[in-house]
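>
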Amino acid sequence: MDSIRVTGGRPLDGTVSIQGSKNAALPMMAASLLHRGVSVLKGCPRIADVLCMEGILGEMGAVTWWEGHDLYLDCTKADKTEISEVYTGKMRSSVILLGAMLGRNKKGCLGYPGGCVIGKRPIDLHLLALRSLGARIEEGPFFLCASCRELKGSTISFPGKSVGATEQGILAAVLAKGETCLKNCAREPEIQWLCRYLRGMGAKISGEGGECIYITGVEELNGGNMQVPPDRIVAGTYLCACAATRGRITIENPPEGELDAFLEVYRKIGGQYKAKSGKLIADGSGVRFSLPYLETGVYPGFPTDLQSPMMAVLATIPGESHIREMIFEDRFKAAEQMNRMGAGIVTAGRDAFIHGGHPLLGCQVYAQELRGGAALILAALAAKGETEIHGYSYIRRGYERIGDDLRTLGAKCQPAF
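Sequential numbering of the sequence shown, starting at -16, is according to this note's numbering.
1. Report, in whole angstroms, the separation of the C-beta atoms of Q255 and D266, which I expect to be a contact under 8 Å.
2. When burial is assigned at 16 or more other CB atoms within 10 Å of the CB, is V348 buried or exposed?
3. Quick one: Cα of D313 to Cα of P96, how far?
4. Apart from the five residues on each side of it in sequence, which residues of its chain come closer than 6 Å, Cβ to Cβ, to Y276?
5. Near L389, which residues of its chain fall below 6 Å by C-beta distance, leaving aside the five closest residues on each side in sequence?
6. Starting from C164, trace the beta strand (DSSP E) in both directions and tell me its first and last residue.
7. Going by other Cβ atoms of all chains shown within 10 Å of its Cβ, with 16 needed for buried, is D214 buried or exposed?
8. For E239 and I216, what's the separation of their Cα atoms in angstroms?
9. Taking buried to mean at least 16 other C-beta atoms within 10 Å of its own C-beta, is G82 buried or exposed?
10. On the three-state DSSP scale, how would you describe T228?
11. Would you say S291 lies against chain B (beta-carbon separation less than 8 Å)?
12. Taking the alpha-carbon positions, what's the S145 to S77 distance?
13. Relative to the C-alpha of C195, which candidate in L181, G183, G206, I174 has its C-alpha closest?
14. Applying the 10 Å Cβ sphere with the 16-neighbour rule, what's the burial state of W176?
15. Note down the Cα distance separating I337 from L24, rounded to an integer number of angstroms.
16. Looking only at DSSP bridge pairs, what is Q255 linked to?
17. Do the CB positions of S130 and R114 come within less than 8 Å of each other?
18. Measuring alpha carbon to alpha carbon, tell me which of C92, T149, E133, L134 ends up nearest D140.
19. Sort out for me which residues DSSP pairs V46 with in a bridge.
20. Closer than 6 Å by C-beta to C99: which residues in its own chain qualify, once you throw out the five before and the five after it? Chain order, please.
21. Going by other Cβ atoms of all chains shown within 10 Å of its Cβ, with 16 needed for buried, is Q2 buried or exposed?
22. Indicate the three-state DSSP secondary structure (helix, strand or coil) for M184 in the structure shown.
23. Report the rounded CA-to-CA distance for K73 versus S(-14), giving the unit in angstroms.
24. Could you please give me the residues that DSSP links to F126 through a beta bridge?
25. Mapping the DSSP letters down to three states, classify T71 as helix, strand or coil.
26. Roughly how many angstroms separate the alpha carbons of L134 and K166, rounded to a whole number?
27. Please report how far the alpha carbon of T71 lies from the alpha carbon of A13, in whole angstroms.
28. Does the beta-carbon distance from R333 to R307 come in below 8 Å?
29. Is it right to say P28 is buried, meaning 16 or more other beta carbons lie within 10 angstroms of its own, or is it exposed?
30. Based on the DSSP output, what are the partners of G3 in its beta bridges?
31. Kindly indicate the opening and closing residues of the alpha helix (DSSP H) around S115.
32. Since A335 is in the beta strand (DSSP E), which residue starts that stretch and which ends it?
33. Identify whether P142 lies in helix, strand or coil by the three-state DSSP scheme.
34. Around the Cβ of A45, are there at least 16 other Cβ atoms within 10 angstroms (buried) or fewer (exposed)?
35. Are the beta-carbon atoms of I57 and V21 separated by less than 8 Å?
36. Where I66 and C128 are concerned, what is the direct C-alpha to C-alpha distance, given to the nearest angstrom?
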């Protein structure tokens, strides 16, 4: 069955290692198309989204294989320029393949991208970037096609910050002729990791992490070879699990410097943490303060992907908390399911008001998207009795071993059969 059972009431305790980053690995996989040879991503997470992207690259003609958690990508013959919506409909980030396909083969057609339903997530900024570099775009009822005679460097000013569109512009520009300046770029760590990966392949990129990224196109790229960084959202999720259960955990390989906004909030609710010998030691036993106001934002603000897990924590804290979701307009789907467990959450547009401290009771709940599904596991860890969470496939899109990791920390959870 597509579900997981969790028996709550146990404070987490122990040490856990964080998987490789989903949001870093996927654009790196797309970037590997730009070299006609073998690239390797070390410590790559074996999660549903990565396996879906692997399937897409295989559909294009790439040969892939795993050695443990190292993913090898031989893109020597990855010259197919059409990707069925059977693949792209499963994953929103598949759209970033267009820039790499244009850079490699001057053409790319793919079914409209899908994924979690958490808001509109339009792709207009992606198309702006590609058109600015010389691509012609055709939008049909089922397919999106881009083509060009030659990509040429340009100055692109994004009207809003978008992680995917920034990645799209980077992937399309690294083999374009001339110089490209991307303005008003997103600053998320995953963009910085993509630039480092491409620079290791021979790309000329500078400025990542700031408002403007500068790219000078090169004739060709070498094979990529990089250790995928630890997933900051998974790390934040486990810290929320620690807080929700009032436990104590140690993270062996924390994403250093990437969780500052989250850790500031963690401290505000009473959580304690310290870095020691390359590890992050967290103590959630003192979590007891509600949050008068928390707003999600683009990096370095509080990450939208940790909004639902933090909501699960706040549901366990007596008092009134308020979350405003500024990135996606429909990201409170988990709230109704938490209310089935006894939480007191009221949503109105982009706002969620949490009347915390009501006892949570185990029951059957339904995950409807990735991070909300993870939040339901956290609520179940804090609840009395057993909770069965359906829609576990959503959670597996981003968490490779959440059940195993939580069991390592003392939780009682197992797949439902």
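Quick reminder that beta carbons are idealized off the backbone N, C-alpha and C, glycines included.
According to the structure data:
1. Sure, about 4 Å apart at Cβ, within 8 Å.
2. The residue is buried, with at least 16 neighbouring Cβ atoms inside 10 Å.
3. The straight-line gap from Cα to Cα measures roughly 18 Å.
4. Setting aside the 5 residues that flank it on each side, Y276 is surrounded in the same chain by H305, each with a C-beta closer than 6 Å to its C-beta; the list follows chain order.
5. Closer than 6 Å at the Cβ level, and outside the excluded window around L389, lie C396.
6. Annotation for C164: the continuous beta strand (DSSP E) segment containing it runs 162 to 166.
7. The C-beta of D214 has 16 or more other C-beta atoms within 10 Å across all chains shown, which makes the residue buried.
8. Straight-line measurement puts the Cα of I216 at about 12 Å from the Cα of E239.
9. The C-beta of G82 has 16 or more other C-beta atoms within 10 Å across all chains shown, which makes the residue buried.
10. The answer is helix: DSSP assigns T228 an H, G or I state.
11. Looking at the structure shown, chain B is missing, and only one protein chain is on hand.
12. Their Cα atoms are separated by approximately 15 Å.
13. Ranking L181, G183, G206, I174 by Cα distance to C195 puts I174 first.
14. With 16 or more other Cβ atoms within 10 Å, it is buried.
15. Distance between the alpha carbons of I337 and L24: 41 Å.
16. Looking at the DSSP assignment, Q255 forms a beta bridge with D266.
17. Contact: no.
18. Sequence inspection shows Ser at residue 140; the Asp mentioned does not correspond to that position. The shortest C-alpha separation from S140 is found at T149.
19. Residue pairing from DSSP places V46 in a beta bridge opposite D57.
20. Reliability fails at C99, whose pLDDT of 47 lies under 50, so the model's placement of it is uncertain and the value that follows must be treated cautiously. Excluding positions up to five away in sequence, the list reads E352, L353.
21. It is buried - the Cβ of Q2 has at least 16 other Cβ atoms within 10 Å.
22. Of the three classes helix, strand and coil, the one that applies to M184 here is coil, per DSSP.
23. If you draw a straight line from the Cα of K73 to the Cα of S(-14), it is about 19 Å long.
24. DSSP lists G94 as the beta-bridge partner residues of F126.
25. Annotated three-state conformation of T71 is helix, per DSSP.
26. Taking the straight line joining both Cα atoms gives about 18 Å.
27. Cα to Cα, the separation comes out at about 13 Å.
28. The answer is yes: Cβ separation under 8 Å.
29. Buried is the call here.
30. Residue pairing by DSSP places G3 opposite P213 in a beta bridge.
31. Here the alpha helix (DSSP H) through S115 covers 107 to 115.
32. Looking at the DSSP string, the run of the beta strand (DSSP E) that includes A335 is 334 to 339.
33. The three-state secondary structure of P142, taken from DSSP, is coil.
34. Result: buried.
35. Residue identity check: residue 57 is Asp in the sequence provided, not Ile. Between D57 and V21, the C-beta spacing is below 8 Å.
36. Answer to the nearest angstrom: the Cα atoms are 10 Å apart.
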